[in-house]
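Quick notes on the structure that follows.
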Amino acid sequence: MAHKVQIGRVPFEQLEERWRPLLSKFASWNIGMPREDLYQELLLVLWKAQQGYSPDKKASFQTYLYTPERHQVSDPHVLSDPVV
């Protein structure tokens with residue numbers, strides 16, 4: 188799986204495919220924003236997580252990604268703000 192290799196070297200398209208179920212789940216939460224717009228916001232969080240993740244942080248990529256993704260959809264005021 189992508190989270191067991193160096194995340195920064197995985198093409199973003201592969202990373203998106205791997206995490207699409209989680210992104211889709213979060214995008215389906217109704218926070219007053221169209222689902223497709225929220226999905227695009229979550230893709231940005233995924234991209235930022237890919238850029239900032241380091242296995243040296245002693246957290247799995249899933250944990251590193253999940254927390255800001257949840258934060259992004261739980262607080263509509265942070266949309267488009269840097270999360271990672």
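In my numbering, the protein residues as written are 188 to 271. Glycine included, each C-beta is placed from N, C-alpha and C at the ideal position.
Exercise for review: Indicate whether the contact test is met: 3 or more Cβ pairs, each with one atom in the region 214-228 and one in the region 246-256, closer than 8 Å.
Suggested key: By the Cβ criterion, the region 214-228 is not in contact with the region 246-256, since fewer than three pairs of Cβ atoms, one from each stretch, lie closer than 8 Å.
**Study point:** Three-way DSSP call (helix, strand, coil) for I194 in this model
**Key:** helix
Check your understanding: According to the Cβ coordinates, are L209 and Q237 closer than 8 Å?
Key -> no
Check your understanding: What is the DSSP secondary structure of K235, counted as helix, strand or coil?
Key -> helix
Check your understanding: So what does DSSP say about P279, is it helix, strand or coil?
Key -> The chain is shown only over 188 to 271; residue 279 falls outside these bounds and no answer can be derived.
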